[in-house]
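Accompanying notes for the structure given below.
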Amino acid sequence: MSNRLPLIAGNWKMNNNHLEAIALVQKLAFALDDKDYDNAEVVVLPPFTDLRSVQTLVDGDKLRIGYGAQDVSAHEKGAYTGEVSGSMLAKLDCSYVLVGHSERRELHAEDDSVVNTKAKAAFANGVVPIVCVGEGLDVRKAGNQVEHVIAQIDGSLKDITAEQAEKLVIAYEPVWAIGTGEVATPEDAQEVCSAIRTRLAELYSPEVAGAVRLLYGGSVKGDNAGSIMGKDDVDGALVGGASLKADDFVKIIRFGDSK
Ligand SMILES: O=C(CO)COP(=O)(O)O
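The opening position of the sequence shown corresponds to residue 58 in this note's numbering, with each subsequent residue numbered one higher.
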């Protein structure tokens with residue numbers, strides 16, 4: 058039994074305009090009660106264009122729903138067309154930001170060095186990075202998932218201090234499970250999350266490793282969330298498709314008390 062509060066984060070990806078975002082967050086708030094929030098930290102990660110609307114709703118109705126962004130610039134400010142800086146996210150009271158999601162790593166050529174710079178940019182502005190790691194099908198078939206993920210951890214966390222690492226969230230998202238319905242088994246998730254926690258203890262200390270929340274992501278649904286999040290080293294879920302429907306997301310959130 059860990060004392061880490063489970064974190065259930067919904068990565069909306071490129072879905073929901075700012076009006077749809079307001080409607081979805083309102084539906085979530087209506088469905089959840091204090092017991093749910095006591096058992097799990099609930100966070101939504103909408104597109105950039107929705108953040109101000111979500112902030113206004115959360116602040117106005119004093120909702121116990123956190124929010125954040127799906128990406129952040131590696132730069133503080135300047136001639137970086139289309140990018141959004143960590144300070145801009147902080148100004149919108151974003152608590153978290155995804156860095157290194159596989160869809161960014163693959164589609165925008167973001168390697169561990171870029172992910173590392175983005176994680177530092179987030180921390181520099183008081184926004185907690187959710188560092189995403191995970192192997193492709195070829196690596197999984199070769200049985201090298203642990204080695205692959207640990208190499209991503211080493212590269213993505215370079216020069217991140219112990220004080221920063223304690224606040225960190227890491228999401229293990231096997232690429233072959235994202236959007237495919239091919240969810241990893243609880244044992245798959247535990248194997249890799251346990252290896253990540255062991256590596257964190259080597260890089261920092263057992264205390265720091267014990268503080269970091271490790272999420273699983275990849276086809277998490279209401280009918281598989283409980284078994285995965287019940288594993289010792291899995292502290293929550295990073296949810297894609299199932300976070301777009303309030304009822305589905307609430308089912309997953311309620312497994313947060315399976316710890
Ligand atoms: O990429 C994901 C969350 O970041 C997972 O997406 P799915 O839950 O749709 O597989």
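The beta carbon of each residue, even a glycine, is placed where N, CA and C say it ideally should be.
Since the model is a prediction, treat every value here as computed from it, not as a measurement.
| Item | Value |
| --- | --- |
| In or out: Glu239 buried (at least 16 other Cβ within 10 Å) or exposed? | exposed |
| Quick one: residues in its chain with C-beta nearer than 6 Å to the C-beta of His158, no 5 flanking neighbours on either side, listed in chain order? | Cys189 |
| Note down the Cα distance separating Leu114 from Lys198, rounded to an integer number of angstroms. | 45 Å |
| Whose CB is closer than 6 Å to a heavy atom of ligand 1? List the residues in chain order. | Asn68, His158, Glu230, Ile235, Gly236, Gly274, Gly275, Ser276, Val277, Leu295, Val296, Gly297, Gly298 and Ala299 |
| Could you say if the region 163–171 and the region 208–221 meet the contact criterion of at least three C-beta pairs nearer than 8 Å? | yes |
| Enumerate in chain order the residues of its own chain whose CB-to-CB distance from Arg270 is below 7 Å, with the five nearest sequence positions on each side excluded. | Arg61, Leu64, Val226, Asp292 and Gly293 |
| Out of Arg121, Asp128 and Val100, state which residue places its alpha-carbon closest to the alpha-carbon of Thr106. | Asp128 |
| Figure out for me which residue from Gly123, Asp118 and Leu149 has the closest Cα to the Cα of Ala66. | Gly123 |
| Which class does Glu98 belong to by DSSP, given the choice of helix, strand or coil? | strand |
| Taking Cβ positions, are Thr242 and Ser276 nearer each other than 8 Å? | no |
| Looking only at its chain, what residues have a beta carbon closer than 6 Å to the beta carbon of Glu98, apart from the 5 residues adjacent to it on each side? | Leu62 and Leu64 |
| On a CA-only basis, which of Tyr137, Ala131 and Ala126 is nearest Lys148? Give me that one, please. | Ala126 |
| Less than 6 Å between C-beta atoms, sequence neighbours within five positions excluded: which residues of the same chain meet that for Lys175? | Val129, Ala131 and Val156 |
| Roughly how many whole angstroms lie between the Cα atoms of Ser110 and Trp69? | 15 Å |
| Could you have a look at Ile217 and say whether DSSP puts it in helix, strand or coil? | coil |
| Buried or exposed, going by whether 16 or more other CB atoms sit within 10 Å of the CB of Asp245? | buried |
| According to DSSP, what are the bridge partners of Pro186? | Val154 |
| Give me whichever residues DSSP pairs with Ile65 in a beta bridge. | Val99 and Ala294 |
| Starting from the Cα of Asn96, find the closest Cα among Met286, Gln202 and Ala303 and give me that residue. | Met286 |
| Evaluate Glu160 with the Cβ neighbour count: other Cβ atoms within 10 Å of its Cβ, from every protein chain shown; 16 or more gives buried, anything less gives exposed. | buried |
| Cutting at 7 Å between CB atoms, please list the residues of its own chain near Tyr261, excluding the five before and the five after it. | Ala219 and Ala222 |
| Check this for me: beta carbons of Arg121 and Tyr94, under 8 Å apart or not? | yes |
| So, under 8 Å CB-CB, Tyr229 and Ile253 are touching, yes? Tell me the CB distance rounded to an integer number of Å. | 7 Å |
| Could you tell me the distance, in whole angstroms, from the CA atom of Ala178 to the CA atom of Gly135? | 14 Å |
| State the DSSP-derived secondary structure class of Gly143, mapped to helix, strand or coil. | helix |
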